[in-house]
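Student:
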Amino acid sequence: MDPKTHHPVFLLLLPFLSLVLLTAADDAAVMSTLLTSLSPAPRGWSASTSFCSWTNVNCDSTSNFVTSIDLNSAGVSGSLPPELNQLSQLRSLAVQRNSLTGTLPSFQNITSLEQIYLDQNNFTSVPNNFLLGLPNLQTFSISQNTNLRPWQIPSYLTESSNLVSFFASNAGITGSIPDIFGSFPNLLNLRLSYNNLTGSLPRSFSGSEIQNLWLNNQGLSGPIDVLGNMVQLEQVWLHANSFSGGLPDLSRCDSLFDLQLRDNRFTGVVPPSLMALPALVNITLQNNKLQGPFPQFRAGIHVELGTTNSFCLSVPGPCDPQVSTLLDVAAALGYPMSLAESWEGNDACQGWRFVNCDARNVTIVNMGRRGFSGTISPAFANLTSLRNLVLNDNNLIGTIPDALTTLPQLQSIDVSNNNLSGTIPTFRADVRFNHNGNLLLGRNISGGGGPPGSQSGNSNGSTSGSGKGSSGSVAMIAGVVVAVLVFTGVLLFVSYKCYIKRRHKRFGRVEGSENGKELFKPYGNNGGGVSGYNGVPSELQSQSSCGDHTEIPIFEGGNVTISIQILRQVTNNFSEDNVLGRGGFGVVYKGELQDGTKIAVKRMESGVMGTKGLNEFQAEIAVLTKVRHRHLVALLGYCINGNERLLVYEYMPQGTLSQHLFEWQEHGYPPLTWKQRVTTALDVARGVEYLHSLAQQSFIHRDLKPTNILLTDDMRAKVADFGLVKNAPDGKYSVETRLAGTFGYLAPEYAGKLPHRFHFFKVAELLNESKRSWNAALIKDIFTEEEAAAILNIKTLTPEKFDKWCWKGNKIGKFSVATPMPI
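All residue numbers for the sequence shown refer to the working numbering, where the first residue is 438 and numbers rise by one.
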């Protein structure tokens, strides 16, 4: 063939040949830079020889591209140059066990890269996106780089779907473990020990092929139930974290041989399936709060149980039947730590919190207002001596077990204010049963799903319709919350509430009793059923108003009389060390009952117990036996003993709003965040709205001020001090009353005949104090002389004048409520 015929072919190949030669030249330059970055030069590396001949450097035999670099334990220091990213055909980089420092190079888009070993060096930081675009990556190891600045496991790692091993222990990782593990069908090894990870185990662990899981020594928390679906597990290290809840069923993990769970917050019973694992060789469970029977593993297994667990016995064997039943109850609640810390030993009548006994039999279980979640266990039916069951104001879901109706001695059961659903069981006629505040209870939630309060509709309705209704409700609530926070909902809420008050007349309210005497009955109605329930045991109802009884009272929906002896005992004889605060009519003391209930005891001073003091004492009892709301402080009981008058409330550990607004430095509180101020304002407004419009009988608080707003542990607000509350007649546009309250927070409607809506004056003042932390009594400095005079002589104030200035922008920028703002 004529050689000239080859010229066109050669010309076509020339660009490709040039590209190959240029790329090989690039690799040579990169390797030269790498050589100068290391000290001393690795053995067998020399600038005078071809890089492809250097020791432990491999190149493609045809193109001279670098495919692997192995400097494992080479004794070198220095850094890795960023130019390493230009080794386009690199498949493996191993530089572990050296003294390399500085920022790691980016490996982004080296698509051929399969192995990266960087462990046991002194690298200081990782660049952004340094593992992005590595579809063939199988092993990444960066463990034992203790100088790395904090970084997080990148979510884009899902592009490396061929990943088999990810080793990053003691590597400065923070944040949570991303929920991305459904993208790694071949992942077998995940080691993230000794970092600063927080949060819970990702759900995508479930069903993964992970065999080796090291997550020990950091801040992870929550349950570990997901392990039950990781059936390929062989070694699990979760020790030295804050994992909690019960141990999962690992019966499907047939290959699990090493399980390290020590130094956590696990509770509950050790599952029999765990003791029966066929491959188990080593297990550590010490320094937890495990309960139930002493675990018995088969011979040959190394077991560490320690001394801090709470097994019912010190040797294998069954627990007492009542203990076993209560542990079943705890299991349905997720084994809360508060139960594990006090439910120790094999006798439920020996100091177990929330449990009262009579003749060694459990008669009362009082778990009300404890924030428990989970379900109601049918195991309660095994406590055949149970008389009173109190589960109100928690986050319980599911159904009320029918088995509870078989309890032969049951007198009262309170499951109010939870999230229960299903049918309502039928108890005996003499059982007081309170299930209020469970919107889905007794409703056919499988149907079309109308709004709460509507009829359940056709049972054959569409399931998807119900789902849409639920989603719509959630979206609506979320939208309101976002709107409040974004648009400084403090002032918007006041405007909105005034609008609601105008509309409220169309709907009316539930009629309450107009009989003043009935208001002062400490136990309310005596009828049975839901409407008559007050949650008070009959043996306590029969006692005098301050009797000498030894049984610790339980605090349910109603109020009980409590002996002066108990109150003296729990307050250390009204010791000064127990004083929480002082008010116009006495001193408030802190106490704690034997069942763990913390209380605040208001002791009226005998010297000031004239007609006014007695009226306020009676008013407080009267109001708080008629109303109940999550943002109103609950009255638990009272005592009348000679000249002594004492009221017992739930304890509010964070003190008053006034302390957090004006005295936070003196009390060592952190200043309230804006979110906390908004939340507090909304809580107060909701409590006041309940008093006005939503309770069975309407009341008006005449002394609403920051010192009468108390805060819970989670900084939620509750309105207190109801001694100056007045009954608001239904259907009346205005109220006439004498002046009462604190100037600056004084509701204008209580200085003359003014519209009912003016109660929101007080809420507005509280909102503005929360915003600016200034005292409302300085009202002269805010309003004009005419306006201040109108407040000082409030009886002369007309609705028209109040409408003109009370809500207008005047130095503090108040909104007008004449035209409601939509939310």
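All residues carry an ideal CB built from backbone N, CA and C; glycine is no exception.
Keep in mind it's a predicted model, so treat the numbers as computed, not measured.
Does Arg806 come out as helix, strand or coil in the three-state DSSP assignment?
Tutor: Coil, per DSSP.
Student: Look up Tyr772 in the DSSP assignment and say whether it is helix, strand or coil.
Tutor: It is coil, neither helix nor strand.
Student: Note down the Cα distance separating Leu675 from Ser592, rounded to an integer number of angstroms.
Tutor: So the two alpha carbons sit approximately 23 Å from each other.
Student: With DSSP as the reference, please indicate the residues paired to Glu1279 in a beta bridge.
Tutor: Given a span of 438 to 1260 for the chain in the structure shown, any question on residue 1279 remains unanswerable.
Student: Could you tell me the alpha carbon to alpha carbon distance between Thr704 and Cys489, rounded to whole angstroms?
Tutor: When rounded, the distance between both Cα atoms is 59 Å.
Student: For the candidate residues Leu877, Gly859, Arg880, Leu841, whose alpha-carbon lies nearest to that of Phe870?
Tutor: Nearest C-alpha to Phe870: Leu841.
Student: Using alpha carbons as the reference points, say which of Thr721, Glu671, Gly539, Leu684 lies closest to Gln728.
Tutor: Looking at the Cα atoms, Leu684 is the closest of the given residues.
Student: Can you find at least 3 beta carbon pairs, one from the stretch 786-806 and one from the stretch 759-777, that sit closer than 8 Å?
Tutor: The stretch 786-806 vs the stretch 759-777: in contact.
Student: Could you tell me which of Thr576, Gly771, Leu847 sits nearest to Asn832, measuring between CA atoms?
Tutor: Comparing Cα-Cα distances from Asn832 to each of Thr576, Gly771, Leu847, the minimum goes to Gly771.
Student: Given this structure, state the Cα-to-Cα distance separating Trp789 from Ala608, to the nearest angstrom.
Tutor: Distance between the alpha carbons of Trp789 and Ala608: 44 Å.
Student: From Ala769 to Ala816, what distance separates their C-alpha atoms?
Tutor: Taking the straight line joining both Cα atoms gives about 9 Å.
Student: Using 8 Å for Cβ pairs, my map puts Gly743 next to Asn724. What's the rounded Cβ distance?
Tutor: Correct: roughly 6 Å between the Cβ atoms.
Student: Alpha carbon to alpha carbon, what distance is there between Gln575 and Ser516?
Tutor: Whole-angstrom Cα-Cα distance: 24 Å.
Student: Counting pairs of Cβ atoms below 8 Å between the stretch 1064-1078 and the stretch 1145-1158, do you hit three or more?
Tutor: The stretch 1064-1078 is in contact with the stretch 1145-1158.
Student: Rounding to the nearest angstrom, what Cα-Cα distance links Ala466 and Leu594 in this structure?
Tutor: Between Ala466 and Leu594, the C-alpha separation is close to 30 Å.
Student: Determine the burial state of Pro1014: buried for a count of at least 16 other Cβ atoms within 10 Å of its Cβ, exposed for fewer.
Tutor: In the sequence under discussion, the amino acid at residue 1014 is Asp, which differs from the Pro named in the question. With fewer than 16 other Cβ atoms within 10 Å, it is exposed.
Student: With a CB to CB cut of under 6 Å and the five nearest residues on each side skipped, what residues in its chain are close to Phe621?
Tutor: The answer, listed in chain order, is Leu600.
Student: Can you tell me whether Asp1150 is buried or exposed, with buried defined as 16 or more other CB within 10 angstroms of its CB?
Tutor: Asp1150 should be labelled exposed.
Student: How many angstroms separate the CA atom of Pro479 from the CA atom of Asp497?
Tutor: Roughly 21 Å separates the two Cα atoms.
Student: Please classify Ser679 as buried or exposed, where buried requires at least 16 other C-beta atoms within 10 Å of its C-beta.
Tutor: Burial call: exposed.
Student: DSSP state of His1066, grouped into three classes?
Tutor: Coil, per DSSP.
Student: Have a look at Leu530 and Trp588 and give me their C-alpha separation to the nearest angstrom.
Tutor: Those two C-alpha atoms are separated by around 21 Å.
Student: Going by DSSP, name the residue or residues bridged to Gly1077.
Tutor: The sequence shown places Ile at residue 1077, rather than the Gly named in the question. Answer is Arg1082.
Student: How long is the line joining the alpha carbons of Ser1171 and Val1125, rounded to whole angstroms?
Tutor: With a pLDDT of 39 at Ser1171, under the threshold of 50, the modelled position of that residue is not reliable, and the figure given next carries that caveat. Cα to Cα, the separation comes out at about 17 Å.
Student: Can you check whether the CB of Ser580 is closer than 8 Å to the CB of Asp616?
Tutor: Their beta carbons are not under 8 Å apart, which means Asp616 does not touch Ser580 by this criterion.
Student: If you follow the alpha helix (DSSP H) that Arg869 is part of, which residue opens it and which one closes it?
Tutor: Element bounds for Arg869: not the alpha helix (DSSP H) but the beta strand (DSSP E), 869-871.
Student: Identify whether Pro753 lies in helix, strand or coil by the three-state DSSP scheme.
Tutor: Pro753 falls in the coil class under three-state DSSP.
Student: So is Asn1080 buried or exposed if we call it buried at 16+ other beta carbons inside 10 Å?
Tutor: With fewer than 16 Cβ atoms within 10 Å of its Cβ, Asn1080 is classed as exposed.
Student: Which partner residues does His739 have in the DSSP bridge list?
Tutor: BP columns for His739 point to Asn719.
Student: Please name the residue, chosen from Asp463, Ile506, Thr538, that lies closest to Ser476 on a Cα-to-Cα basis.
Tutor: Closest by alpha carbon: Thr538.
Student: May I ask you to report which of helix, strand or coil DSSP gives Asn633?
Tutor: The answer is strand: DSSP assigns Asn633 an E or B state.
Student: Using only alpha-carbon positions, find the residue among Ile590, Gly570, Asp1120, Asp1032 that is nearest to Arg628.
Tutor: Here the closest residue by C-alpha is Ile590.
Student: Once DSSP output is grouped into helix, strand and coil, what is the label at Tyr554?
Tutor: Tyr554 falls in the strand class under three-state DSSP.
Student: Going by the beta-carbon positions, is the gap between Thr860 and Leu820 smaller than 8 Å?
Tutor: Going by C-beta atoms, Thr860 is not nearer than 8 Å to Leu820.
Student: What's the C-alpha gap between Ser858 and Ile813?
Tutor: Spanning the two alpha carbons is a distance of roughly 11 Å.
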